[in-house]
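The numbering of the sequence shown is the numbering used here, which starts it at 507 and goes up by one. Heads up, the beta-carbon is just placed ideally off N, CA and C, and yes, glycines get one too. Here the structure is a predicted model, which is why all the values come from computation and not from measurement. What follows is a short report on a single structure.
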Amino acid sequence: MHKLERLLRPKSIAVFGGVQAAAVVAQSIKMGFAGEIWPVHPTKDEVAGRKAYRSVADLPGAPDAAFVGVNRHLTIEVVKALAERGAGGAVCFAAGFLETEAYDDDGERLQAELVAAAGEMPIIGPNCYGLINYADGALLWPDQHGGIRLEEGGKGVAIITQSSNIAINMTMQKRGLPIAFLMTAGNQAQTGLSEMALGLIEDDRVTSLGLHIEAFDSVAGFERLAARARELKKPIIAMKVGRSEQARQATVSHTASLAGSDAASGAFLRRLGIARVDSIPAFIEALKLLHITGPLPGYRLSSMSCSGGEASVMADSAEGRWVNFPVLTEKHRAHVKSTLGPLVAVANPLDYHTFIWNNEPAMTATFTAMVSGGFDLNMLVLDFPRPDRCSVTDWWATLRAFESALKTNEAHGAIVSSLPENLPEEYTAELMARGMVPLFGISEAMDAAGAAAFIGWAWAEPQAQPVDTSAAGAAGGGHVTPDEAEAKARLIKAGLPVPKGERAGNAVEAVISSMALGFPVALKALGVTHKSEVGAVRLNLKDAESVSTAAHDLLPLGTGLYVERMVRDGVAELIVGFTRDPMFGAVMTLGTGGVLVELLRDSVTLMLPATRDDIEAALRGLKLFPLLEGYRGRPKADVAAAIDAIAGIAGFVQKNAGEIEELDINPLIVCVEGKGAWIADALLVLGENKNV
């Protein structure tokens, strides 16, 4: 771990380079930085009005922070000199390092030399814009930005992004988000994203953290970050890009088509209690909500508007989300009804109509009654009129009424505009000062509420164990796929629930085996990866003649036959799969199984180790789960046995994590209560020359 205190909160700044360096000096002066600024230039006597020095050796002291805006070769020399002088850290602006390895053989070597030159001195980048500290007015930033300095004693959010352009765009937002720190990570040659984040959340002026992530620098680093964030009560929002899964390894199992790197990333963030959003607007709105309210204690929302259309849009916006608008109790509905006229239908979301518009006492009574329901977040849908053409006077009566209702009930509240442009930036600071979060856009508001509620739920749960990364790393060049008979023999040896079965070389052996096992049986062709796709399996064979006929049909398809006792009384089929992720190790996927697994795509991904509670929660999140509970009078499934089986399979994978590349259990047949859960098919992929 590198000590980032001096770099993040400097009292002196050294600046190296030409145009970009001059911009750094000018920006820091403009922002009112109270510390020393020391430009370094080989020929100029001053830069942006400040005395220039010729070299690191000529500086009055060891700078706390440095912006190094020279070419890549000179960057290494400057960084080495700064480290030897005892500087607190440096931002390396230059490109041309590891990010160019595809077309420049020098990039990787130069990045290694840069890290060696820095030694113990922390460096950010290279190939990055650097750092803006709006709390102290310190800018190690070579370009324009749209932010303002925090007021004395003020607080804001911290943002780290792996894109300098996205960082600039975020400073230009007109949504009222107060930013205390903004950083770009660049190549993360030495100091990774999680390490930067740990340095930022320690600042008392930071309320929450937003991360734009292209790749995780360290599993352990993110686990430390999440644990510290929980301790400090500083929630984290992440926008993880890469849904295209371009880095996914070539695989042969169904699980691989469901899992992929993005699913693993999502599972990792959920495990850490870091909320994930999928767009920049949702990222901004979620940070804003967390800045004001912190995590929400639950998912129950209320909504009020003076339009039935808006109420309907709000109701629809909750579909498919965890956040919801619960139906009002009869007592609560009657309380709200007593404040409104007889023509108003009371519901949640509430259309309070225009009967009480601009009647502040009446709106206060209605809002107070509605908010008294103990909701986790109360939303008031309110679009402001254009100030250049209309009057906004009447709108403030509505805001005062909502503010009063929130204070009376000690509740969280948000003003939600249906169109982002209909909530002027100049109103946002006052709204937040009054305890009302200005949220721009209905969809984004719901994303923000869901993120805040997720973090509240996650923090109420015990902290997860560290991820087992023992199987992390790139997959080997080749793989070995044992046939089903061998794969199941390994699973049986591990004590897992596998129906009795035997290998058969011909039709006669298949009949003999089936008679020994007892009818009905299943007969399969060995050496076929996806049997159902080529007709390589026959089920529920009830006599010797049907087994013989099926055996003759199947023998040409594979390398032999496998006879297995049929699993009876099945209620549902699951897929339990594992793939090796290069970052996270063995990753588990649970979902609806069977031949339609990839079409239905009803699955969830989990990190290992996974507890029984983790597995049960994952199962309950599947669309399939009502079937396991006895949907519409059907028999209930043996869920406890399914959880036992899944936990056992996960333990087998962990024990053999270094050898297993993939494992597909599809299906795991879950039978009626008391009849267990059975591994009906198994596809095992081992690394080349590896044996479980």
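Closest residue to residue i among the options (Cα-Cα distance)
{"i": "Arg-906", "options": "Asn-864, Asp-882 and Arg-892", "result": "Asn-864"}
{"i": "Pro-787", "options": "Met-676, Ile-685, Ala-851 and Glu-737", "result": "Met-676"}
{"i": "Asn-633", "options": "Pro-684, Ala-673 and Thr-690", "result": "Thr-690"}
{"i": "Leu-795", "options": "Thr-581, Asp-822 and Met-885", "result": "Met-885"}
{"i": "Leu-883", "options": "Ser-767, Phe-831, Ile-1155 and Gly-541", "result": "Phe-831"}
{"i": "His-651", "options": "Asp-610, Ala-532, Ala-601 and Ala-1031", "result": "Ala-532"}
{"i": "Val-1014", "options": "Ala-1153, Gly-1066 and Pro-926", "result": "Gly-1066"}
{"i": "Glu-1168", "options": "Gly-1139, Leu-588 and Ala-978", "result": "Ala-978"}
{"i": "Leu-704", "options": "Ala-686, Arg-892, Ala-735 and Ile-719", "result": "Ala-735"}
{"i": "Ala-578", "options": "Gly-541, Ser-518, Glu-619 and Gly-660", "result": "Ala is not the amino acid found at residue 578; the sequence shown has Arg there. Answer by Cα proximity: Glu-619."}
{"i": "Leu-1096", "options": "Leu-513, Ala-1153, His-918 and Ala-593", "result": "Ala-1153"}
{"i": "Ser-976", "options": "Asn-1162, Lys-740, Val-663 and Leu-580", "result": "Asn-1162"}
{"i": "Pro-867", "options": "Pro-891, Ser-910, Arg-827 and His-841", "result": "Ser-910"}
{"i": "Val-993", "options": "Arg-615, Leu-945, Ile-1166 and Leu-802", "result": "The sequence as given places Ala at residue 993; Val does not occur at that position. Checked all of Arg-615, Leu-945, Ile-1166 and Leu-802; the closest Cα to Ala-993 is Ile-1166."}
{"i": "Ala-572", "options": "Gly-1001, Thr-799, Leu-637 and Val-553", "result": "Leu-637"}
{"i": "Met-627", "options": "Ala-695, Asp-649, Val-1043 and Leu-645", "result": "Ala-695"}
{"i": "Ala-951", "options": "Ser-923, Gly-962 and Glu-967", "result": "Ser-923"}
{"i": "Lys-1006", "options": "Ala-529, Arg-730, Trp-1184 and Pro-741", "result": "Trp-1184"}
Residue i (DSSP reduced to helix, strand or coil)
{"i": "Ala-1078", "result": "strand"}
{"i": "Gly-575", "result": "strand"}
{"i": "Thr-667", "result": "strand"}
{"i": "Pro-848", "result": "coil"}
{"i": "Leu-1189", "result": "strand"}
{"i": "Glu-1167", "result": "strand"}
{"i": "His-718", "result": "strand"}
{"i": "Thr-835", "result": "coil"}
{"i": "Asn-854", "result": "coil"}
{"i": "Ala-601", "result": "coil"}
{"i": "Gly-524", "result": "coil"}
{"i": "Leu-616", "result": "helix"}
{"i": "Ile-543", "result": "strand"}
{"i": "Asp-1043", "result": "Per the sequence shown, the amino acid found at residue 1043 is Val instead of Asp. Strand."}
{"i": "Ala-695", "result": "coil"}
{"i": "Ala-744", "result": "strand"}
{"i": "Glu-992", "result": "helix"}
{"i": "Ser-818", "result": "helix"}
{"i": "Met-952", "result": "helix"}
{"i": "Leu-580", "result": "helix"}
Per DSSP, cross-strand counterpart(s) of residue i
{"i": "Ser-1109", "result": "Gly-1097"}
{"i": "His-985", "result": "Gly-1193"}
{"i": "Thr-690", "result": "Thr-667"}
{"i": "Phe-789", "result": "Partner(s): none; Phe-789 has no beta bridge."}
{"i": "Met-942", "result": "Gly-919"}
{"i": "Leu-802", "result": "BP columns for Leu-802 are empty, so no partner."}
{"i": "Ser-1019", "result": "DSSP, once it has assigned bridges, lists no residue as partnering Ser-1019."}
{"i": "Tyr-482", "result": "The requested residue 482 is not part of the displayed model; the chain covers only 507 to 1198."}
Exposed unless 16 or more other CB atoms sit within 10 angstroms - verdict on residue i
{"i": "Pro-855", "result": "buried"}
{"i": "Gly-625", "result": "exposed"}
{"i": "Ala-756", "result": "Low local confidence applies: a pLDDT of 36 at Ala-756 is under 50, so the model's placement there is unreliable, and no value is given."}
{"i": "Cys-598", "result": "buried"}
{"i": "Lys-557", "result": "exposed"}
{"i": "Leu-683", "result": "buried"}
{"i": "Gly-1083", "result": "buried"}
{"i": "Ala-762", "result": "Residue confidence is low: Ala-762 scores 44 on pLDDT, short of 50, so the model does not pin down where it sits. Its coordinate-derived value is still stated next. Buried is the call here."}
{"i": "Met-678", "result": "exposed"}
{"i": "Asn-1012", "result": "exposed"}
{"i": "Leu-764", "result": "In this prediction, Leu-764 scores a pLDDT of 47, lower than 50, which makes its location untrustworthy; the coordinate-derived value is nonetheless stated afterwards. Buried, since its Cβ has 16 or more Cβ neighbours within 10 Å."}
{"i": "Ser-823", "result": "buried"}
{"i": "Ser-518", "result": "buried"}
{"i": "Cys-812", "result": "buried"}
{"i": "His-1058", "result": "exposed"}
Whether residue i touches residue j by CB criterion (7 Å)
{"i": "Ala-1023", "j": "Arg-1071", "result": "According to the sequence shown, residue 1023 is Leu rather than Ala. In this structure, Arg-1071 lies closer than 7 Å to Leu-1023 by Cβ."}
{"i": "Arg-655", "j": "Met-537", "result": "yes"}
{"i": "Ser-669", "j": "Tyr-635", "result": "no"}
{"i": "Pro-1026", "j": "Leu-1047", "result": "yes"}
{"i": "Ala-1078", "j": "Ala-1143", "result": "yes"}
{"i": "Gly-575", "j": "Gly-541", "result": "no"}
{"i": "Val-454", "j": "Ser-714", "result": "Any property of residue 454 remains undetermined from this structure, which presents the chain solely from 507 to 1198."}
{"i": "Thr-667", "j": "His-508", "result": "no"}
{"i": "Leu-1060", "j": "Ala-1092", "result": "no"}
{"i": "Pro-870", "j": "Tyr-858", "result": "Correcting the residue type first, residue 870 is Thr in the shown sequence and not Pro. In this structure, Tyr-858 does not lie closer than 7 Å to Thr-870 by Cβ."}
{"i": "Phe-789", "j": "Gly-716", "result": "yes"}
{"i": "Leu-945", "j": "Ala-920", "result": "yes"}
{"i": "Ala-686", "j": "Val-725", "result": "no"}
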